[in-house]
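Beneath this line is the structure, given in structure tokens, with notes to follow.
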Amino acid sequence: MSATTSTSTSATVQKWKPPKLVLGNPSFHDVTDQISGIVERRDTPIWWWVALGISVSMAGAFFIQMAWLFWTGVGIWGNNVPVGWGWPIVNFVFWVGIGHAGTLISAVLFLLRQKWRTSINRFAEAMTIFAVICAGIFPGIHVGRIWVAYWMFPIPNQMAMWPNFRSALMWDVFAVGTYFTASLLFWYTGLVPDWATLRDRAKGWPKKIYGFLALGWRSGNSQWKHYEAAYLLLAGIATPLVLSVHSVVSTDFATSMVFGWHTTIFPPYFVAGAIFSGFGMVMTLGILARLVYPPVKNYITVKTLELMAKVIMLTGMMVGYAYSMEMFIAWYSGNGYEQFVFLNRAFGPYAWAYWIMVSCNVIIPQLFWFKKLRTSIPVLFVASIFVNIGMWFERFVIVLTLHRDFLPSSWDMFKPTAFDIGFLVGSFGLFFTLFLLFLRFVPMVAMAEVKGVMPEADPHHESYHHATEKEA
Amino acid sequence: MPSLTNGNGSRPLYWRSEEQLKDSDRFRHWLDHEFPEVEEEANGDNPLKSSVSRRSFLGVMGASMALAGFTGCRKPVEKIVPYVTDPEYRVQGVPRFFATAQPRGTAPLSILVETHQGRPTKVEGNELHPSSGGGVDSFGLASVLDLYDPDRSKYPTQRGARRSMDEFIEFWRELHTGFIETGGEGLAILSETFASPSLWRLREKMRRDLPNARWVAYEPVNTENRDRGLERATGKKVQPVYRYDRAEVVVSIDNDFILSEPDAVRHNGEFGRGRKLTGPDDSMNRLYVVESAMSVTGGKADHRLRLQSHQIGAFLISLTIELEKQGLTIPGSGVIAGRAGEKFETEFAGAIAEDLYRHRGKALVTVGLRQPPAVHALALAINTALGNNGRTVLYREYEDTLPSSLDDLKTLAEDMRGGKVNTLVVFGGDPVYNAPADVRFAPAFAKVENRIHFGGLVNATARASHWHVSRSHFMEAWGDVRATNGILSIIQPQIAPLYDTRGDVEFANLIITGLDTSSYELVRETWFDSLLHGDKERSWQIALHDGLLESSRDNEGGPVVVDGGEVAFLLRHTSLHAQPITDGSYEVVFIPSGTVHDGRYANNAWLVELPDPVTKNTWGNTAVMSTKTAEKLGVGSGDVVAIELNGRTVQLPAYVQPGHADQSITIELGWGQSELGRVAKDSIGVDVYPLRTSETMGFARGATVARTGGYVDLPNTQDHGAMEGRAIVREATMETYKHDTKFAQHMVHVPNLDSLWKEHTYQEGYQWGMAIDLNACTNCNACVTACQSENNIPVVGKDRVRVGREMHWMRMDRYYVGDVEEARVANQPMMCQHCEMAPCEQVCPVNATVHDSEGLNVMTYNRCIGTRYCSNNCPYKVRRFNFFNFTNEFPDSVKMAQNPDVTVRSRGVMEKCTFCLQRINLAKQKAKAEGRTVEDGDFQTACQQACPPNAIVFGNINDPNSEVSKLRKNTRAYGVLEEFNTRPRVLYLAGVLNPNPKLKPVAVEVEPHGTGHGGGHGENGHSGGLDTGHAEPTDAHGDAGH
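Protein chains in written order, with our numbering: chain A, 1 to 472; chain B, 10001 to 11042.
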């Protein structure tokens, strides 16, 4: 969805106005002031301390539970045979999915010249990194012998052991690892000019820290040239990762022989779902940022949110299509085992989870057909929460496919324990801790990039517009 | 202990420490308890976590061994301590097997015990002895765990205080002196049932030396109904010796002969082997079962009739009437003629009668111990009329056997109340817990002046006694037994007593003579005096080696003469009800537990966690009822019901059992002994003995049952009983089999599937494989316990069973087939299938599970990091995960029961069946040393060894002459889920049912395609996989077309 199409339908070029991506007509200096001000202010707001206190407690509980897990064993969760993977893997896939929006917004939308991305890309990327950190913890700690989890990596060793490259878990290690590295580099590259801005405004020891972080950025022409090239390259590198990470994560399931997992639809369906959930989380966070930092409203505009709502609606429908196609293929395959699995999802003991998933992921996004709803902040906020609940349940439904597989004799129920819930809550604690620290200490909107999409950055006569020509 | 003082008693002359010099309390304590920390550890009363560390345990054991030499000063040396210098023939690390026997009331079981460095670790069947026939059951297998039970009585106690055995002996001698004077006036021994020449000899001695004393026996699960019926009908005290191997038609009248009745191992083997089929022209036996609860035997039936237990006797009358219609004259049946109005289920009875008549002399009607004496007598009459008496069932007079007698128990209790018994020696057993409620044993017992209990565990009787004398495990002392068929065996100790205990024979001798003579001397005395002939020492040695005395084989029993008048008398005086209960009350049936029997194994963790073969419940008992009854009561499995009978109530969770008789509740005996030990304490079982009276030992009428509103999460290992139309357990009737010998392969289409990888060809060396004959398999569970014992499989506890974390590598899958009300059981032993295209191997990220060059799917524990991906991808779900450090939770003594040849798994790793790799390797080493290759018979896997009917066969598939190769070529062979290209190395031989064509057809889960009428399944449905030589479809379609 191009930012211009909504307005370019008007009759003549003369009447065309550049899209208002930033509200309130701030000058470049205002932008710098407003965004840097959040980082620079000395009086940390009370709400931040409260929120951080809650988040840190949750994160602390996360790590204490982890210590108990390491001490006793993975039996503290509800996992059993047949459900060998339980909530840890649900959480892993959930967080990896959340992590998708960042790369999509930064890389893909960048390549597609979607300028509205600039206001949200910084914190979307941050969110990606934090989500991938949360995601990465789960497969690591869910193994039975945590102290040898590094055997998953192909490290030459005296034991002459080598991982099994046929295993999708092996691919996972690489996919998630690559994704995290690329996202981090991409994020940091984008941050460099903004660190320099902060450095230039700071005094005393913060200046030294920002100076260190700015890597000697002087805003010179050649630096900008290299920066633009590097950013483009990184965007190019990151773009296939948007598709690859969740495709590979989906192969954890799709390459197995478990009915309900063993389907070719998984990679695209997982990617769509990931974008869906990622946008949901960006929207949640964006709305919260608007709430706590009113100046941010100028950058994360209702227009931006509306566009995101459209992406959510689109990917929601893709996910819905996948759900129905899974059902259709199960019926069409003529395979009783596969048919059973899908009927069991919809009508078995975990049907409630399936219908939560369908309601949240397929039905709720349909609200966005109505402009009134997709521009209403409360509606968007509630809907985005539902999207995330729905996507968590999607992964729950998928993992819980295990509970009834081939031999009915081994069918069993999975019951989460307090630790299962504790780890999920704890991972949110970690995520929000990191995110709050980010809000406080890192410019949450990419100042340099935002300036690039403001009218001032395009000093032409109103009737002639390079950018418009390119886009048209 | 006094301190070492000088002559005038003030200060020590020589002192060991300052403390002694000061004569401090601490030093005195130290002197009294020389090894206080050891004592504390040995008494460790923390039930779940024994405080004995491995190191200190080994230390104590080492010290005990070292001190063992000094025992020679006190008692004669019997060389059963571990060797100091190895004899030449003994190889370290190679287990040795010794024959012995497990005493079990009237029907002991001959076994071999595997020992490692003098430490018994596993029980196996003794092929030479008919009571075992090479097989063994879970009770026998788990007995080795009892030996190491940390809750065992380790020393005698007097009113709960620790005493030494010498102190008890001293106490007893004092009493005994008095008894010698009075001829044993006021002395009574209440023992368990035994069949032992030595104990019998001692009992005879008592009758001579202490004529006024008495020795009676009581067992809660006893043969009394049968004994009384047979004694009345024959005038002799006889017991039947069934020969299921000779029977072509078996009619079980409430007789669970496969699992819970005496001599079950032998019956199981003989019956199961009688169902083996080499081809469609071979014949197999046919089994009719009439019962109320679904038993293992009922699950194996070709035709099963569910009746309330009290109707079952009447059914036999109905059958008698039908048999007479065939022209048979049944002794004593005259009385039945007048009761013709009672005949019912005539169609079923008629078909059986015809079948029985056709198979005269090759048929067998057996009656379960719950049924009243008259039914047993009538069955004897029927068997006699059919010419089975002396052929398929032999009778043998009780010899060296003291069967249980309720009358004796009642008299004893009466005398106890009347003060006529001043000393009661409870010789094993637990009458306070399990005596019929109306005997009111406990209050009577409390009146006895000297109450002595002899037992291996501190049970209810022990707690109610003054003295509790610790009993040696049968693997710790000498003894002897006589099997039902008269064969004599010596109980040979496998290890020196671990604690301050006495064996059965030693204790009996002590009580009777006041002398603490060793069991070795006592047993040898019995045998050398009267049982051995010729070169006695040599015969003794051979009997020890073989596990039986060859010369005692010659009299396994014969026919008996039936007095029809007496049968008629019994029938006339027994009320048998043809009518089901209609007044809304319920029938309660008391059955021995399939896992803890009458309660004696309630502290045996292997058995307590062993899933019941039919209900799959563990860790407790339930009120088992039919679906209709459950509906009527408004309960589901787990809902607690209150059962009230004769003013007494018990509450226990319901379990809904397909195929159960309506309006009847079956409850297992033996549970609810929470004070027995740490395992029993953890059980959710309920003691139901309070409902049982001497009149209703088998079943009772007139109970009221109501829902209480409570709920218990049952630790059940199999939630789902339906096969969902999947061809997992493949079965067909004999008729289908004859028509289509490859029926099993026609149930599923196996396409031609290839491998992504280069496949191993196994052109040379070994290639292991297994074949399991589902027809011979009787669902007895022995393999499950055998596997547990062999492979150090941990017990996880009820809470972990509830969440699905049981660790059994081998499990018995149980499915119900057909209508819920009239369900049939289809069972299948399931363990790692060692798939050639193993799904687990593909997905392990660290190569921890791989294929070896002999076709085994091997698990490298050290490499496993525990992703559990393999388990997810295993379609058979046979992988087991160590969610915690289960092995570490074992009490130290239990660690002694572990097989040193099998790695103990730590937390966080996956484990599964290895096909007993350690046994394969031992056999390979042996063969290599002898310069040959491994052949059939060199070794058996643990499950194969235990299996009484030899349903499991393992061996080298590369050897075309091996049994397993032949079986895998059987037309009934199929692989479970083979359509998914897993290529399992375990092939199952599909079950064949042998229904009576006169009766309504039995249900099977999946019909073979291609032979059914109108079968639209084309040839392409049978093109690949195992079924390459397929030619029938055209014929089949020809049939279908016309």
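Idealized CB from N, CA, C, for every residue including glycine. For clarity, every value in this text was computed on a predicted model and none was experimentally measured.
Query: Assuming the contact rule is C-beta atoms closer than 8 Å, B:VAL10641 and B:THR10708 should be a hit. Round their C-beta distance to whole Å, please.; Result: 6 Å
Query: Do we get a CB-CB distance below 8 Å when we pair A:PHE256 with the residues of chain B?; Result: It is Ser, not Phe, that sits at residue 256 of chain A in the sequence shown. Yes - at least one Cβ of chain B is within 8 Å of the one on A:SER256.
Query: Does the Cβ-Cβ distance between B:ASN10872 and B:ARG10907 come in under 8 Å?; Result: no
Query: Which of the three DSSP states is assigned to B:PRO10047 in this structure?; Result: Its pLDDT being 42, under 50, B:PRO10047 is placed unreliably by the model, and nothing is read from it.
Query: Whose CA, out of B:LEU10112, B:GLY10557 and B:GLU10248, lies closest to the CA of B:PRO10995?; Result: B:GLU10248
Query: Taking only the alpha-carbon atoms, compute the straight-line gap between B:ALA10704 and B:ALA10351 and give it to the nearest angstrom.; Result: It is worth fixing the name first, because residue 10704 of chain B is Thr in this sequence and not Ala. Those two C-alpha atoms are separated by around 36 Å.
Query: Look at the Cβ atom of A:GLY84, then the Cβ atom of A:LEU436, and state whether they are nearer than 8 Å.; Result: no
Query: Between B:CYS10844 and chain A, is there a C-beta pair that is closer than 8 Å?; Result: yes
Query: Residue ranges of each alpha helix (DSSP H) run of no fewer than 4 residues wholly in the stretch 10543–10571 of chain B, ordered along the chain?; Result: none
Query: At the 8 Å Cβ level, is B:LEU10199 part of the contact set with chain A, yes or no?; Result: no
Query: Just reading off the beta strand (DSSP E) that B:GLN10828 is part of, what are its end residues?; Result: 10824–10830
Query: Go ahead and pull the three-state DSSP assignment for A:PHE340.; Result: helix
Query: Check each residue of the stretch 379–407 of chain A: if its Cβ is closer than 7 Å to any Cβ of chain B, include it; give the result in chain order.; Result: LEU402, ASP405, PHE406 and LEU407
Query: Rounded C-beta distance between A:ALA330 and A:VAL341? I'm assuming under 8 Å.; Result: 7 Å
Query: What separation, rounded to the nearest whole angstrom, lies between the Cα atoms of A:MET66 and A:SER427?; Result: 11 Å
Query: May I ask you to report which of helix, strand or coil DSSP gives B:LEU10989?; Result: strand
Query: What does a CB cutoff of less than 6 Å around B:THR10649 pick up in its chain, not counting 5 residues either side in sequence?; Result: ALA10642
Query: Is B:ILE10591 near the ligand ATP, judged by its Cβ being under 7 Å from some heavy atom?; Result: Looking for the ligand ATP in the displayed structure turns up nothing, as the structure carries no ligands at all.
Query: Using a Cβ-Cβ cut-off of 7 Å (strictly less than) and excluding sequence neighbours within five positions of A:ALA358, which residues of its own chain qualify?; Result: Residue 358 of chain A is actually Val in this sequence, not Ala. Answer for A:VAL358: TYR323, listed in chain order.
Query: Specify the secondary structure class of B:TYR10395 as computed by DSSP and reduced to three states.; Result: strand
Query: Which of the residues in the stretch 18–37 of chain A, read from start to end, lie with their CB under 7 Å from any CB of chain B?; Result: none
Query: Report the neighbours of B:MET10830 on chain A: residues whose CB is nearer than 9 Å to its CB, in chain order.; Result: LEU407, SER409 and SER410
Query: Measure the CB-CB distance between B:ALA10363 and B:SER10318 and report whether it falls below 8 Å.; Result: no
Query: Between A:VAL245 and A:VAL397, how many whole angstroms is the CB-CB distance? I'm expecting something under 8 Å.; Result: That pair is no contact at about 21 Å.
Query: Would A:LYS415 pass as an interface residue toward chain B - the criterion being a Cβ-Cβ separation below 8 Å?; Result: yes
Query: Could you name the residues of chain B that A:ARG42 contacts, counting a contact when the two beta carbons are closer than 7 Å?; Result: Here the premise fails: no neighbours, minimum Cβ distance about 49 Å.
Query: From the DSSP secondary-structure annotation, give me the bridge partner or partners of B:GLY10769.; Result: B:GLY10955
Query: Among B:LEU10378, B:GLY10955, B:ALA10578 and B:ASP10535, whose alpha-carbon lies nearest the alpha-carbon of B:THR10346?; Result: B:ALA10578
Query: Going by the CB atoms, is the gap between B:VAL10393 and B:ASP10316 shorter than 8 Å?; Result: For clarity, residue 10316 of chain B is Leu in the given sequence; the question names Asp instead. No, they are not a contact pair.
Query: Roughly how many angstroms lie between the CA atoms of B:TYR10357 and B:LEU10305, to the nearest whole one?; Result: 19 Å
Query: Counting Cβ pairs, one atom from each stretch, are 3 or more of them under 8 Å apart for the stretch 10289–10305 of chain B and the stretch 10322–10335 of chain B?; Result: no
Query: Report yes or no: is there a C-beta of chain B within less than 8 Å of the C-beta of A:SER250?; Result: no
Query: What does a CB cutoff of less than 6 Å around A:PHE370 pick up in its chain, not counting 5 residues either side in sequence?; Result: none
Query: Just checking: is the beta-carbon of B:PHE10881 within a distance shorter than 8 Å of some beta-carbon in chain A?; Result: yes
Query: Quick one: what does DSSP say A:THR128 is sitting in, helix, strand or coil?; Result: helix
Query: Apply the 10 Å Cβ neighbour rule to B:GLU10170 and answer buried if 16 or more other Cβ atoms are within range, or exposed otherwise.; Result: exposed
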